[in-house]
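Protein chains in written order, with this note's numbering: chain A, 882 to 1615; chain B, 1431 to 1588.
Everything below concerns the one structure shown next.
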């Protein structure tokens, strides 16, 4: 019988995997949040009396936190309920819990919120119709300002033969993990326990402890199976509310979002405006100016990461001798910005690539040749002065060009072929730790992450353990433990999991094999082999069952336990290039180049993707089927960003399409055949040179589709998504 | 209407359910009254297909179905899929092809494909199957492996 590609398949296909939404406990109450009725208002009062008059209902509002929380009310900078000012629509104002779901919903509706309207700022272009002036730093709408500069920028533009100026706009999008946020909380004495669907148990522990003002050690986060994360389940969202309700009720409380609320409260990518100017001389880029305004909703100053991280993607991965990059994170009356699979990078790649295609056509150079001539390779320097490491983008791009040539030769009239490129890092996070426990008959990998679906834990980490110990997969058990028992890990995000936990496994495995060698009186590591039901340690002709090598204490504890840890180093930034703000270095350089063949309907502007190919720089493939699945899934998700996905915010700060019928993600019939190829040999810092793969495959997709649409129809689009309406307008059909 | 018990065959077991309100959805009856949580709640508006079950062999969105509407009917959920001959083929195809990641949409896809194959049999074209699964959303796989599983299930011998 062939092994399934997924070790979790049988459980999930039996309907037996317990997700956050499935949690239940005896005596449990159902929680519900009371959401702000306006996007900006002065809060006068929150009257919980009518809710509390309902049978069995517990209600908590801003005035109750002082008594419920040991520290007197939680983090003063981030109160879980606003005390004086509502800053976005659907901001939680109070929370209720009741014996049934219906009663909880009734109780939430019974809460009376009195608030006086304040001016709503929902559109970042209304905040800064022109570029922010010198007094912008003092503007309360500025959450962050970043500015970097290098080279002789003025001279480059003065001496240029051609300067191309463009403005791009990108839409707000949502992760649309199919499982809404959900958790179950219970407070016993000073133990605050929450079971939750999360990408980061330790991140939720830290965040929840801070928000509630309780010691981190008294918060226990226990992960469930996760029904999709994509960045949306990386930080705490519902957990503090569920815990406060459980504390007030003295009973377990289940709190889950309905799908409409999932859209309303979700933290994700918000709109952006980018202006680019590129100076060209003698067929080469000589200068670039970038101006970025990124809507960060109600993100607090100091908590914006996206602006400083993403702005580099508006120059690279192309050699640009002189540049001036400036960005503002702009606060509006929307939920805080949150990560969405490669946060804001697909949008940046769309902008940078579409602009380069346009520049090349303006100066009469083949757009693909133009990009190839400027593309970074190892030894080049990033805008922030970091040396580019092993980087397979050029190899991926050349493979994409060769595919594109074949597809072009076979394309029908009205069809077009385009190429898009992009790159990403493997985020090291704060770090990752595991514990290997070698038992007489199997090897446990004890760690703190639940599988979110990508396979990074159950397949990726297991594959690394298999390679590092020589044991077959069926003798390796990935054992999850909650945050009070597991070794620390930063979380399943940033394409880091297999890379970081894998390195920790490699480290522990090396110690384990050496330790067994010492016990056998042999210099150097042993080999592990399966020996009937047992595992044997082998050194030369010496062969002993593991059971015989364990001390009595180890036998009692279940095996020989060895910790492994990996705290990655990230590169340095050249501070001389930074004029303002915080920038982040890259760790690993992971390139991707994609090709699309599209048809454009010349009456409706509708784009149909007919064929797709992805060439992914990966360092080293850890598990081929999972790697392929990451690329297929990333491409499909990127097609949504490219073509249909747009969260529409009204001027009143109301999300106008909070549902799956109006916010359209790709369906099965809209996905073209996807060819996937891996570029190996440009090593990353992960196990055996692997690079992270969760995010890179989504990055080039909107750029690729835009290039293909331009090739098919001549339409040059400067806004995402490339909806039929936008394409039709660009083609002057509307 | 809500006073009369609802009689259902659920995964082969006869159930008489008392006190089911007229507005209760089959999805909630299955998950919270009967503890069959393999059926997933997604959007609750018929837009994602995660809650798909079989009612009298036909694929049905349990979030848009009132429990009283199916009084006297027979309901099959993912928990019993392996006992259905067509369901078993579909389930095995998903396992073999690794046609899942987070697994949240998986029960809905398995039920929907089982319903389609029961209705159309092996004469169903791949296009018909693709068309019939358009109401089921998956955010992880890009559907590539799911289509592979659908092809394999269609070609499998019962």
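No residue lacks a Cβ here, since even glycine has one placed at the ideal position from N, Cα and C.
All values reported here derive from a predicted model rather than from experimental measurement.
How about residue 1333 of chain A and residue 1343 of chain A: do their beta carbons lie closer than 8 Å?
-> Translated into the one-based positions of the first chain, residue 1333 of chain A becomes position 452. Translated into the one-based positions of the first chain, residue 1343 of chain A becomes position 462. It is not a contact, given that the beta carbons lie outside the stated cut-off.
With burial defined as no fewer than 16 other Cβ atoms inside 10 Å of the residue's Cβ, what is the status of residue 914 of chain A: buried or exposed?
-> Within the first chain, the letter at position 33 stands for residue 914 of chain A. Around the C-beta of residue 914 of chain A, 16 or more other C-beta atoms lie within 10 Å, and the residue is accordingly described as buried.
Applying a beta-carbon distance threshold of less than 9 Å, which residues of chain A neighbour residue 1577 of chain B?
-> Residue mapping note: residue 1577 of chain B aligns to position 147 of the second chain, counting from 1. Near residue 1577 of chain B (Cβ distances below 9 Å), the residues of chain A are 1549, 1552.
So, is the C-beta of residue 1658 of chain A closer than 8 Å to a C-beta in chain B?
-> Examination of residue 1658 of chain A is not possible in this model, given that chain A is present from 882 through 1615 alone.
Output the residue ranges of the alpha helix (DSSP H) runs that lie fully inside the stretch 1496-1562 of chain B and measure 4 residues or longer, sorted by chain position.
-> 1515-1527, 1536-1550, 1556-1562
Partners in chain B for residue 1082 of chain A, counting only beta-carbon separations shorter than 7 Å | Residue numbering aside, residue 1082 of chain A sits at position 201 when the first chain is read from its first letter. Correct list: empty, because the minimum Cβ distance to chain B is about 17 Å.
Any C-beta of chain A under 8 Å from that of residue 1548 of chain B = If you number the second chain from 1, residue 1548 of chain B lands on position 118. By this cut-off, residue 1548 of chain B is not an interface position.
Go through its chain and collect everything with a Cβ distance to residue 1570 of chain A's Cβ below 7 Å, but skip five positions before and after it.
-> Residue 1570 of chain A sits at position 689 when you count from the first residue of the first chain. Excluding positions up to five away in sequence, the list reads 1500, 1501, 1564.
Starting from residue 893 of chain A, trace the alpha helix (DSSP H) both ways and give me its first and last residue.
-> For this step, residue 893 of chain A is matched to residue 12 along the first chain. Annotation for residue 893 of chain A: the continuous alpha helix (DSSP H) segment containing it runs 890-894.
Got a sec, what are the start and stop residues for the alpha helix (DSSP H) residue 1212 of chain A sits in?
-> If you number the first chain from 1, residue 1212 of chain A lands on position 331. It is not in any alpha helix (DSSP H) - residue 1212 of chain A instead sits in the beta strand (DSSP E) that spans 1204-1212.
Less than 8 Å separating the beta-carbons of residue 1540 of chain A and residue 1148 of chain A?
-> Counting from 1 along the first chain, the entry for residue 1540 of chain A is found at position 659. Counting from 1 along the first chain, the entry for residue 1148 of chain A is found at position 267. No.
Taking 8 Å as the CB-CB cut-off, is residue 1546 of chain A touching chain B?
-> Locating residue 1546 of chain A in the first chain gives position 665, where the first residue counts as 1. Judged by the 8 Å Cβ criterion, residue 1546 of chain A is in contact with chain B.
How would you write the range of the beta strand (DSSP E) that residue 1359 of chain A sits in, first residue to last?
-> By one-based count along the first chain, residue 1359 of chain A stands at place 478. Residues 1357-1361.
Under the three-state DSSP convention, the category residue 1342 of chain A falls into = The residue given as residue 1342 of chain A occupies position 461 in the first chain. Helix.
Under a three-way DSSP split, which group does residue 1448 of chain B fall into?
-> Mapped onto the second chain, residue 1448 of chain B falls at position 18. In the structure shown, residue 1448 of chain B sits in coil (DSSP, three-state: anything other than H, G, I, E or B).
Is the distance from the Cβ of residue 1511 of chain A to the Cβ of residue 1559 of chain A below 8 Å?
-> Taking the first residue of the first chain as position 1, residue 1511 of chain A is located at position 630. Taking the first residue of the first chain as position 1, residue 1559 of chain A is located at position 678. In this structure, residue 1559 of chain A does not lie closer than 8 Å to residue 1511 of chain A by Cβ.
Would you kindly check if the distance between the Cβ of residue 1232 of chain A and the Cβ of residue 1125 of chain A is under 8 Å?
-> Residue mapping note: residue 1125 of chain A aligns to position 244 of the first chain, counting from 1. Residue mapping note: residue 1232 of chain A aligns to position 351 of the first chain, counting from 1. Their beta carbons are not under 8 Å apart, which means residue 1125 of chain A does not touch residue 1232 of chain A by this criterion.
Which first and last residues belong to the beta strand (DSSP E) in which residue 1437 of chain B is found?
-> Numbered from 1 along the second chain, position 7 holds the residue referred to as residue 1437 of chain B. Segment 1436-1440, the beta strand (DSSP E) holding residue 1437 of chain B.
When burial is assigned at 16 or more other CB atoms within 10 Å of the CB, is residue 1564 of chain B buried or exposed?
-> Locating residue 1564 of chain B in the second chain gives position 134, where the first residue counts as 1. Exposed.
Taking Cβ to Cβ, would you say residue 1082 of chain A is nearer than 8 Å to residue 1329 of chain A?
-> Counted from its first residue, the first chain places residue 1082 of chain A at position 201. Counted from its first residue, the first chain places residue 1329 of chain A at position 448. Yes, they are a contact pair.
Same chain only: Cβ atoms within 8 Å of residue 1531 of chain A, ignoring 5 sequence neighbours per side = If you number the first chain from 1, residue 1531 of chain A lands on position 650. So the list reads 1003, 1537, once near-sequence residues are dropped.
Can you give me the Cβ contacts of residue 1405 of chain A inside the same chain, cut-off strictly under 6 Å, excluding the 5 residues immediately before and after it?
-> Position 524 of the first chain, counted from the first residue, corresponds to residue 1405 of chain A. Cβ neighbours of residue 1405 of chain A beyond the five flanking positions: 1398.
Through-space distance from residue 1466 of chain A to residue 1335 of chain A, alpha-carbon basis = Along the first chain, one-based indexing puts residue 1335 of chain A at 454. Along the first chain, one-based indexing puts residue 1466 of chain A at 585. Spanning the two alpha carbons is a distance of roughly 25 Å.
Could you tell me which uninterrupted beta strand (DSSP E) segments, each at least 3 residues in length, are contained entirely in the stretch 1286-1342 of chain A, listed from first to last along the chain?
-> For the stretch 1286-1342 of chain A, whole beta strand (DSSP E) runs of length 3 or above, ordered along the chain, are 1296-1305, 1313-1319, 1324-1328.
Whole-angstrom C-beta distance between residue 1531 of chain B and residue 1469 of chain B, which should lie under 8 Å = Taking the first residue of the second chain as 1, we reach residue 1469 of chain B at position 39. Taking the first residue of the second chain as 1, we reach residue 1531 of chain B at position 101. Not confirmed; about 19 Å, so no contact.
In its own chain, which residues sit with a C-beta less than 7 Å from the C-beta of residue 1480 of chain A, not counting the 5 before and 5 after it?
-> The sequence position of residue 1480 of chain A within the first chain is 599, counting from 1. The answer, listed in chain order, is 1295, 1296, 1489, 1491, 1593.
Can you tell me which of A:937, A:1583, A:900 puts its alpha carbon nearest to the alpha carbon of residue 1105 of chain A?
-> Counted from its first residue, the first chain places residue 1105 of chain A at position 224. Nearest option by C-alpha distance: A:900.
Does residue 903 of chain A get closer than 8 Å to chain B when you measure Cβ to Cβ?
-> Taking the first chain and counting its residues from 1, one reaches residue 903 of chain A at position 22. Cβ-Cβ to chain B under 8 Å: yes for residue 903 of chain A.
Please list the segments of the beta strand (DSSP E) lying wholly inside the stretch 1112-1175 of chain A, counting only runs of 3 or more residues, in order along the chain.
-> 1134-1137, 1153-1162
Alpha-carbon to alpha-carbon, residue 1005 of chain A and residue 1187 of chain A = As a first step, residue 1187 of chain A is located in the first chain; it is residue number 306 there, counting from the start. As a first step, residue 1005 of chain A is located in the first chain; it is residue number 124 there, counting from the start. One alpha carbon belongs to residue 1187 of chain A, the other to residue 1005 of chain A, and they sit about 16 Å apart.
What is the C-beta distance between residue 932 of chain A and residue 991 of chain A, in whole angstroms, given that I count them as a contact (C-beta under 8 Å)?
-> For this step, residue 932 of chain A is matched to residue 51 along the first chain. For this step, residue 991 of chain A is matched to residue 110 along the first chain. About 4 Å separates the two Cβ atoms, so the contact holds.
Within 8 Å, strictly: CB atoms of residue 1525 of chain B and residue 1493 of chain B = In the second chain, residue 1525 of chain B corresponds to position 95, counting from 1. In the second chain, residue 1493 of chain B corresponds to position 63, counting from 1. No, they are not a contact pair.
For residue 1574 of chain B, which residues of its own chain have a beta-carbon under 7 Å away from its beta-carbon, when the five flanking residues on both sides are left out?
-> For the purposes of this step, residue 1574 of chain B is taken as the residue at position 144 of the second chain. Same-chain partners within the cutoff: there are none.
If you compare alpha carbons, which of B:1553, B:1541, B:1534 is closest to residue 892 of chain A?
-> Walking along the first chain from the start, residue 892 of chain A turns up at place 11. When each option's Cα is compared against that of residue 892 of chain A, the closest is B:1534.
Under 7 Å Cβ to Cβ from residue 1474 of chain B, same chain only, skipping five residues before and after it: list those, please.
-> Walking along the second chain from the start, residue 1474 of chain B turns up at place 44. Correct list, in chain order: 1493.
Determine the direct distance from the alpha carbon of residue 1595 of chain A to that of residue 1155 of chain A, and round the result to whole angstroms.
-> Stepping through the first chain from its first residue, residue 1155 of chain A is reached at position 274. Stepping through the first chain from its first residue, residue 1595 of chain A is reached at position 714. Between residue 1155 of chain A and residue 1595 of chain A, the C-alpha separation is close to 22 Å.
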